[in-house]
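When you read off a place in the sequence shown, starting at 1, and then add 1, the result is the number in this note's numbering. Ideal Cβ positions, reconstructed from N, Cα and C, are used throughout, including at glycine. What you are looking at is a predicted structure, and each value in this text was computed from that prediction instead of being measured.
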Amino acid sequence: REDPDKDIQLFINSPGGVIASGLAIYDTMNLIKPDVSTICIGMTASMATVLLSAGARGKRFALPNSTIHMHQALGGAQGQASDIEIAAREIMRLQDLIRGILVSNTGQTLDKIIHDTDRDFYLNPQQAVEYGLIDEILTKPEETKK
(Lines of atoms letter the chains of each structure in order from A; the text may use other names.)
(Lines give C-alpha, C1' and ligand atoms only; values in the text may rest on other atoms or scores of the structure.)
Protein backbone atom coordinates (compact mmCIF):
# COMPACT_ATOMS: atom_id res chain seq x y z
CA ARG A 2 0.00 0.00 0.00
CA GLU A 3 1.09 3.52 -0.66
CA ASP A 4 1.70 5.95 2.19
CA PRO A 5 -1.33 8.30 2.33
CA ASP A 6 0.84 10.98 3.95
CA LYS A 7 3.58 10.92 1.33
CA ASP A 8 3.91 14.07 -0.78
CA ILE A 9 2.43 14.01 -4.26
CA GLN A 10 4.66 15.40 -7.01
CA LEU A 11 2.81 17.21 -9.79
CA PHE A 12 5.04 17.77 -12.83
CA ILE A 13 3.54 20.53 -15.00
CA ASN A 14 4.32 21.29 -18.65
CA SER A 15 1.17 22.97 -19.88
CA PRO A 16 -0.08 25.99 -21.82
CA GLY A 17 -3.00 26.20 -19.39
CA GLY A 18 -6.58 25.55 -20.26
CA VAL A 19 -10.15 25.84 -19.09
CA ILE A 20 -10.38 27.75 -15.80
CA ALA A 21 -13.11 25.48 -14.38
CA SER A 22 -10.97 22.39 -14.97
CA GLY A 23 -7.96 24.08 -13.40
CA LEU A 24 -10.01 25.11 -10.38
CA ALA A 25 -11.15 21.50 -9.95
CA ILE A 26 -7.48 20.46 -9.73
CA TYR A 27 -6.71 23.41 -7.43
CA ASP A 28 -9.56 22.50 -5.07
CA THR A 29 -8.45 18.86 -5.03
CA MET A 30 -4.86 19.86 -4.24
CA ASN A 31 -6.16 21.79 -1.23
CA LEU A 32 -8.60 19.09 -0.15
CA ILE A 33 -6.30 16.09 0.03
CA LYS A 34 -4.17 15.31 3.06
CA PRO A 35 -0.67 14.99 1.57
CA ASP A 36 1.28 18.02 0.42
CA VAL A 37 1.39 18.54 -3.33
CA SER A 38 4.80 19.51 -4.64
CA THR A 39 4.62 21.30 -7.98
CA ILE A 40 7.43 21.23 -10.55
CA CYS A 41 7.47 23.30 -13.75
CA ILE A 42 9.16 21.37 -16.54
CA GLY A 43 9.31 23.28 -19.82
CA MET A 44 6.53 25.81 -19.42
CA THR A 45 3.56 26.66 -17.30
CA ALA A 46 1.15 29.22 -18.65
CA SER A 47 -2.19 30.63 -17.66
CA MET A 48 -4.13 28.25 -15.39
CA ALA A 49 -1.12 25.94 -15.20
CA THR A 50 0.85 28.75 -13.53
CA VAL A 51 -1.91 29.12 -10.95
CA LEU A 52 -1.54 25.39 -10.19
CA LEU A 53 2.25 25.72 -10.03
CA SER A 54 1.89 28.48 -7.44
CA ALA A 55 -0.64 26.40 -5.48
CA GLY A 56 1.87 23.74 -4.45
CA ALA A 57 2.75 23.38 -0.79
CA ARG A 58 4.94 26.23 0.45
CA GLY A 59 8.59 25.32 0.19
CA LYS A 60 7.74 22.62 -2.37
CA ARG A 61 7.13 24.66 -5.53
CA PHE A 62 9.91 24.22 -8.08
CA ALA A 63 10.97 24.88 -11.67
CA LEU A 64 13.71 23.46 -13.84
CA PRO A 65 16.44 25.95 -14.80
CA ASN A 66 15.35 26.55 -18.40
CA SER A 67 11.61 26.62 -17.86
CA THR A 68 9.27 29.51 -18.55
CA ILE A 69 6.41 30.73 -16.39
CA HIS A 70 3.66 32.78 -18.03
CA MET A 71 0.62 34.66 -16.72
CA HIS A 72 -2.10 36.76 -18.35
CA GLN A 73 -5.64 37.89 -17.70
CA ALA A 74 -8.52 35.45 -18.10
CA LEU A 75 -9.49 34.49 -21.63
CA GLY A 76 -12.87 33.38 -22.87
CA GLY A 77 -15.40 33.74 -25.59
CA ALA A 78 -19.12 33.72 -26.12
CA GLN A 79 -21.67 33.57 -28.89
CA GLY A 80 -25.36 34.17 -28.93
CA GLN A 81 -27.73 36.91 -27.93
CA ALA A 82 -26.27 40.10 -26.54
CA SER A 83 -27.77 39.38 -23.13
CA ASP A 84 -26.15 35.93 -23.03
CA ILE A 85 -22.80 37.38 -24.08
CA GLU A 86 -23.09 39.89 -21.23
CA ILE A 87 -23.76 37.05 -18.77
CA ALA A 88 -20.73 35.13 -20.08
CA ALA A 89 -18.55 38.24 -19.79
CA ARG A 90 -19.61 38.73 -16.16
CA GLU A 91 -18.70 35.10 -15.45
CA ILE A 92 -15.25 35.52 -17.02
CA MET A 93 -14.71 38.61 -14.86
CA ARG A 94 -15.81 36.68 -11.75
CA LEU A 95 -13.38 33.88 -12.55
CA GLN A 96 -10.62 36.40 -13.24
CA ASP A 97 -11.17 37.97 -9.81
CA LEU A 98 -11.05 34.50 -8.24
CA ILE A 99 -7.78 33.63 -10.01
CA ARG A 100 -6.25 36.97 -9.02
CA GLY A 101 -7.16 36.32 -5.39
CA ILE A 102 -5.51 32.89 -5.53
CA LEU A 103 -2.35 34.43 -7.01
CA VAL A 104 -2.30 37.12 -4.31
CA SER A 105 -2.54 34.41 -1.65
CA ASN A 106 0.05 32.14 -3.25
CA THR A 107 2.65 34.78 -4.13
CA GLY A 108 2.35 37.46 -1.48
CA GLN A 109 2.04 40.09 -4.22
CA THR A 110 -0.57 42.83 -3.93
CA LEU A 111 -3.77 42.66 -5.91
CA ASP A 112 -2.78 45.83 -7.77
CA LYS A 113 0.53 44.24 -8.82
CA ILE A 114 -1.19 41.05 -9.99
CA ILE A 115 -3.72 43.11 -11.98
CA HIS A 116 -0.95 45.22 -13.54
CA ASP A 117 1.31 42.27 -14.35
CA THR A 118 -1.43 40.12 -15.87
CA ASP A 119 -3.01 42.91 -17.93
CA ARG A 120 -0.89 41.65 -20.83
CA ASP A 121 1.25 38.55 -21.33
CA PHE A 122 3.77 38.33 -18.48
CA TYR A 123 6.72 35.94 -18.82
CA LEU A 124 9.16 35.01 -16.07
CA ASN A 125 12.28 32.90 -15.97
CA PRO A 126 12.71 30.64 -12.92
CA GLN A 127 14.75 33.20 -10.94
CA GLN A 128 12.12 35.86 -11.56
CA ALA A 129 9.42 33.36 -10.53
CA VAL A 130 11.24 32.78 -7.23
CA GLU A 131 11.46 36.53 -6.62
CA TYR A 132 7.78 36.93 -7.54
CA GLY A 133 6.70 34.19 -5.12
CA LEU A 134 5.31 31.78 -7.71
CA ILE A 135 7.90 29.11 -6.86
CA ASP A 136 10.30 28.50 -4.00
CA GLU A 137 13.35 27.05 -5.68
CA ILE A 138 15.02 26.23 -8.98
CA LEU A 139 15.88 22.53 -9.22
CA THR A 140 19.45 21.79 -10.24
CA LYS A 141 21.63 18.74 -9.98
CA PRO A 142 23.53 18.75 -6.67
CA GLU A 143 27.17 19.84 -7.13
CA GLU A 144 28.61 16.69 -5.57
CA THR A 145 26.89 14.46 -8.14
CA LYS A 146 27.74 16.53 -11.22
CA LYS A 147 30.45 15.06 -13.42
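Going by DSSP, what residue range makes up the alpha helix (DSSP H) through residue i?
i, result
"ARG90", "82-107"
"ILE114", "111-117"
What are the boundary residues of the beta strand (DSSP E) that residue i is part of?
i, result
"THR68", "68-71"
"ALA46", "37-46"
"GLN79", "Careful: GLN79 lies outside any beta strand (DSSP E) and carries neither H nor E."
With DSSP collapsed to three states, give me the class of residue i.
i, result
"GLN127", "helix"
"GLY23", "helix"
"GLU137", "strand"
"ALA74", "coil"
"LEU32", "helix"
"LEU64", "coil"
Give the straight-line distance between the Cα atoms of residue i and residue j, rounded to the nearest whole angstrom.
i, j, result
"LEU64", "GLU131", "15 Å"
"ASP84", "ASP97", "20 Å"
"PRO35", "GLY101", "23 Å"
"GLY76", "PHE12", "26 Å"
"SER47", "ASN106", "15 Å"
"SER22", "THR29", "11 Å"
"PHE122", "GLN128", "11 Å"
"ASP117", "VAL104", "12 Å"
"LEU124", "GLU143", "25 Å"
Using the rule of at least 16 other Cβ atoms within 10 Å of the residue's Cβ for burial, across every protein chain shown, is residue i buried or exposed?
i, result
"MET93", "exposed"
"GLY17", "buried"
"PRO126", "buried"
"ILE33", "exposed"
"ILE87", "exposed"
"GLY80", "exposed"
Report yes if the C-beta distance between residue i and residue j is below 9 Å; otherwise report no.
i, j, result
"LEU24", "LEU95", "yes"
"ASP8", "VAL37", "yes"
"THR45", "HIS70", "yes"
"ASP119", "LYS60", "no"
"ASN31", "ALA49", "no"
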